[in-house]
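The structure appears right after this line, and notes come after that.
Residue numbers (the working numbering), protein chains in the order written: chain A, 1370 to 1705; chain B, 34 to 132.
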């Protein structure tokens, strides 16, 4: 049997080919392919071509339909297995392309992909690959975030935010300062008994660079754009809300979402988080390096090109009725 | 009026503050993450434990040592908002109780 194994944050996924050809993955997966022996977390049969093996979502409405967007949807087949369908834009029909165990540990994948559901170039394609990965990561106290990550002097720094906020720009600025870029678009946070680590994923942005490094996470920055740099520490619950909003997570399963929140809660308690408004200027790297050391909850650290000014907060928390929606318009789960 | 927490909402508490995360079926629902500060969390917790708005106001007066008028007003505002967000469901069985 032809097989191929890839490992993300040390979690192993095996692909078994249904035909004589070996499983094939996109070039971005190259740093993650492994031929070392070890227990696999999940095993999938790929390169299948018979659509009859893939039952549809039982009905296109709740409770069978769990998630829907323009290009794909996920739900229960009649046998209670998980079905993923992609949308054929030419025929305006939904094509089942994955049939999976409810825990996502096993399943089979049809060799179709794209907006026309054509024969796929690879054995594992979008959106199936990300769906499988995010639904398995959470069982290992890990998760995927829409963020760029860099490593400098052995410490990792994470920059979260939606598309076009500056994640790739930030990664480039850090690279100019000597850091290694893990990935400029999606990275994996993993919680172990002793530490929180960052590892890259195969899904990068405009910066076509992936470094398969795992490093301890020093700080998380939630990005916005501004004319000057400003860093504000976030309290853990606001940090949790921001991190959740930038997660690529199974928001459609209560138990899975609950598990993910448990992990993110621990991460946000263990690792300092900041809101970072920045302008694309190389000195933002120094500002970020200062922030975790100067992390006083009641201080607002305003860092300008002329130096660091620390202010005390203005009016006190009014106390009653603070129902804040921490979301900015357009922030997405990164799964479209 | 009494309330029930919406079972489609997941709640997490960190250092006295809460985050409310709904189970989502599409990307539009991602606009619905909410955080509650300590006081709003107090109201949420008491409502989730089956206390009526009157009882919650009384609890607030005792705990925060504030005037009842202020407590009633804040409880009313917070509960109204939580119901509007879908985080709490009004328990209609008690709608006509003598609370």
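Where is the CB? At the ideal position from N, CA and C, for every residue including glycine. Computed from a prediction, not measured in an experiment: that's the story for all the values here.
- Taking residue 1655 (chain A) as reference, the option from A:1521, A:1456 and A:1377 with the minimal CA-CA separation is A:1521.
- Taking a contact as a CB-CB distance under 8 Å, the pair residue 1382 (chain A) and residue 1411 (chain A) counts as one, their CB atoms being some 5 Å apart.
- As the crow flies, the alpha-carbon of residue 1503 (chain A) is around 43 Å from that of residue 92 (chain B).
- The C-beta of residue 1536 (chain A) comes no closer than 8 Å to any C-beta of chain B.
- Restricting attention to A:1404, A:1527 and A:1456, the CA atom closest to the CA of residue 1645 (chain A) is found in A:1527.
- Residues of the stretch 1595-1619 of chain A that bring their beta carbon within less than 8 Å of a beta carbon in chain B comprise 1604, 1605, 1606, 1607, 1609, 1610, 1613 and 1614, in sequence order.
- Here residue 101 (chain B) has 94 as same chain residues with Cβ atoms under 6 Å from its own Cβ, once five neighbours each way along the sequence are excluded.
- Relative to the Cα of residue 1483 (chain A), the nearest Cα in the group A:1456, A:1474, A:1507 and A:1513 belongs to A:1456.
- Those residues of the stretch 1419-1453 of chain A placed with their C-beta closer than 8 Å to a C-beta in chain B are 1431, 1434, 1435, 1436, 1437 and 1438, ordered along the chain.
- Contact check for residue 1426 (chain A) against residue 1450 (chain A) fails: the beta carbons are separated by 8 Å or more.
- In the three-state reduction of the DSSP assignment, residue 77 (chain B) falls in the helix class.
- In the three-state DSSP reduction, residue 1510 (chain A) falls in the coil class, being neither helix nor strand.
- According to DSSP, residue pairing for residue 1445 (chain A) in a beta bridge involves A:1451.
- Rounded to whole angstroms, residue 1418 (chain A) and residue 123 (chain B) show a C-alpha spacing of 51 Å.
- In this structure the stretch 1556-1567 of chain A lies against the stretch 1575-1590 of chain A, because at least three pairs of beta carbons, one per stretch, are closer than 8 Å.
- About 7 Å separates the Cβ atoms of residue 1574 (chain A) and residue 1536 (chain A), confirming a contact at the 8 Å cut-off.
- A contact is defined here as three or more CB-CB pairs under 8 Å, and the stretch 1630-1643 of chain A meets this definition with respect to the stretch 1606-1616 of chain A.
- Sequence-ordered contacts of the stretch 66-77 of chain B with chain A read 66, 67, 68, 69, 70, 72 and 73 [C-beta pairs closer than 7 Å].
- For residue 51 (chain B), the residues of chain A that pass the 8 Å Cβ criterion are 1606, in the order they occur in the chain.
- If you ignore the 5 residues before and after residue 1568 (chain A), its C-beta comes within less than 6 Å of the C-beta of 1378, 1557 and 1583, all in its own chain and listed in chain order.
- In chain B, no part has a C-beta under 9 Å from the C-beta of residue 1642 (chain A); the shortest such distance is about 12 Å.
- In the DSSP assignment, residue 1584 (chain A) falls within the beta strand (DSSP E) that extends over 1584-1594.
- By the neighbour-count criterion, in which a residue is buried when 16 or more other Cβ atoms sit within 10 angstroms of its Cβ, residue 1459 (chain A) is exposed.
- When C-beta distances to chain B are compared with 7 Å, the residues of the stretch 1621-1636 of chain A below that value are 1621, 1623, 1626, 1627, 1630 and 1634, in chain order.
- DSSP, read as helix, strand or coil, puts residue 100 (chain B) in coil.
- Residue pairing of residue 1526 (chain A) in beta bridges, as defined by DSSP: A:1519 and A:1588.
- Ranked by Cα distance from residue 1653 (chain A), the first of A:1546, A:1436 and A:1511 is A:1546.
- Beta-bridge analysis with DSSP links residue 123 (chain B) to B:36.
- The beta carbon of residue 1638 (chain A) falls within 8 Å of a beta carbon belonging to chain B, placing the residue at that interface.
- Following the DSSP letters along the chain, one finds residue 1383 (chain A) inside the beta strand (DSSP E) bounded by residues 1380-1386.
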